[in-house]
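Q: Please read through the structure below; I'll follow up with questions.
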Amino acid sequence: MKLLIKTGQVILQVIYQILKIFPVQDKIVMISRQSNEPSVDFKLLRDEIRREAPSVRVVCLCKTLDGGVNSTFANRAGYMLHMLRQMYHLATSKAVVLDSYCIVVSLLRHKRSLRVIQMWHSMGTMKLFGYTAVGSGEGSSRLVAESMHMHENYDYFIAASPNYKEHLARGFRCDAGRAFISPLPRYDLLKSSTYKEKKRKEIYSAYPELQEKKIILYCPTFRKDETKMQAALKGLIAALPTGYHLVVKLHPLSEIDLSKENVYTADAFSTFDMLFVSDYVISDYSCVVYEAGILGLPLCFYTFDLGEYTQNRGFALDYEKEMPGVMSGDPKVIMKAIEENRISIEEVTAFTDKYVEKSENVTEKIARFVLETGRITSER
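Under our numbering, the first residue of the sequence shown carries the number 1, and numbering increases by one thereafter.
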């Protein structure tokens, strides 16, 4: 495995050396493996950079490797071609913004002028990841992590608060002094009453019946083994009290079929979108609880597999002590707490404020940081 990775690295580096002959442009490239479309954070940052510096070109390269390590040959070949596009734009850009691990960013030697900024996709801390999860049931092996130079070459990373930066620094295995403290761009939308009202109108226009009852949003994290998840979800649906709609937003990689269940999936809208019409949020180990907390939504934690998940993945914080809301593996306990409104918003607010620093004009702040870091002059 190590020899195979080393051989691939040498081949890519030879190709990259040729690409580095091309001159650097006033260009910023944004790279993601999270989805095939730019995230809301990428869109907001891209548009703000264009406002700040209209002459600067912003390129978004977003593509998932479907199937991961078990992907088909065709998918791997397609992703290899995509990596060549990444390499060209890295060779000719002044800065790169990431929201996840990027193979060619970490594996190759870049021009000294290139600045690499990791804008990790999670608003706050929760699970172990990167080097803190190496060797765990859901993490990479030590051999693969070291051979792939995982999370190397970052000049800066963005952390939503000083209390989050140490966790990110350990996961990236880099100096905490490289942190730029700021929430993610979507923070601006969460704080915008105009955006909230706009999104509510769009959702109610598509699903008018959702206005008839209070909405409970269930957004669990992804599990490689969904056997227990399927049964737990059925239990939650069965415990739904009268007078409430249950909207279930599963992880994009989940294979659970909800077509025969008595729930809404609201496929036309994302989990983030659905937060704006929700009255309660049930999650488990997903960082969507930070967005919910910023909106002041009551939180519940459905922990039907807490022991197993702790063993296989682990947490960056004291999960049972810090999570601000009702926590139980029994769906009836969760639904009863919602029905009786026994959830402290003060606890939710205190938790969110600890890990997400209060701020204003976040997208503008990050855009200017990216331009300054890439030595590009703002035109405003």
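Ideal Cβ placement from N, Cα and C applies to all residues, glycine included. The structure displayed is predicted, hence computed values, not measured ones.
At what residues does the beta strand (DSSP E) containing L98 begin and finish?
A: It spans 95-98 - the beta strand (DSSP E) in which L98 sits, taken as one unbroken run.
Q: For the segment 89-102 against the segment 25-34, are there 3 or more C-beta pairs whose distance is under 8 Å?
A: Flag = yes, the segment 89-102 and the segment 25-34 touch.
Q: What does a CB cutoff of less than 7 Å around R313 pick up in its chain, not counting 5 residues either side in sequence?
A: Once the five neighbours on either side are set aside, the close Cβ partners of R313 are K127, L128, A133, S136, G137, E138.
Q: Less than 9 Å between the C-beta atoms of L246 and L236, yes or no?
A: Yes, they are a contact pair.
Q: So, D330 versus R223, is the Cβ gap smaller than 9 Å?
A: No, Cβ-Cβ distance for D330 and R223 is not below 9 Å.
Q: Quick check on the DSSP output: what are the complete alpha helix (DSSP H) runs of length 4 or more inside the segment 93-138, in order along the chain?
A: The qualifying runs are 103-107.
Q: Three or more beta-carbon pairs under 8 Å between the segment 160-172 and the segment 193-213, yes or no?
A: These segments do not touch.
Q: Apart from the five residues just before and just after K199, which ones in its own chain have a Cβ nearer than 7 Å to its Cβ?
A: Taken in chain order, the residues that qualify are D273, F276.
Q: Compare the beta carbon distance of V97 and L371 with 9 Å and say whether it is the shorter of the two.
A: No; because the gap between Cβ atoms is not below 9 Å, this pair is not in contact.
Q: Contact defined as beta carbons within less than 8 Å: I believe R381 pairs with Q13. What is the distance between those atoms, to the nearest angstrom?
A: Residue coverage of the chain in this structure runs from 1 to 380, which leaves residue 381 outside it and unanswerable.
Q: Tell me, please, whether the CB atom of A91 is closer than 9 Å to any CB atom in chain B?
A: Protein chains in the displayed structure number just one, and chain B is not present.
Q: Just to confirm my understanding: we take M327, look at its own chain, exclude 5 residues before and 5 after, and list those with CB closer than 6 Å. What are they?
A: Excluding positions up to five away in sequence, the list reads F301, T303.
Q: Hey, G296 and V348 are a contact pair by Cβ (cut 8 Å); roughly how many whole angstroms apart?
A: About 7 Å separates the two Cβ atoms, so the contact holds.
Q: State the Cα-Cα distance for the pair I366 and L44, rounded to the nearest angstrom.
A: Roughly 10 Å between the two C-alpha positions.
Q: Can you tell me whether L253 is buried or exposed? The criterion is at least 16 other CB atoms within 10 Å of its CB, across all chains shown.
A: Exposed: under 16 other Cβ atoms inside 10 Å.
Q: Does the beta-carbon of A350 have 16 or more other beta-carbons within 10 angstroms, so that it is buried, or is it exposed?
A: The residue is exposed, with fewer than 16 neighbouring Cβ atoms inside 10 Å.
Q: Report, in whole angstroms, the separation of the C-beta atoms of T265 and E48, which I expect to be a contact under 8 Å.
A: Wrong, their Cβ atoms sit about 32 Å apart, outside the cutoff.
Q: Going straight from the alpha carbon of M150 to that of Q118, what length do you get?
A: Approximately 13 Å between the Cα atoms of the pair.
Q: F315 and S182 - do their beta-carbons sit closer together than 9 Å?
A: Cβ atoms of S182 and F315: not closer than 9 Å.
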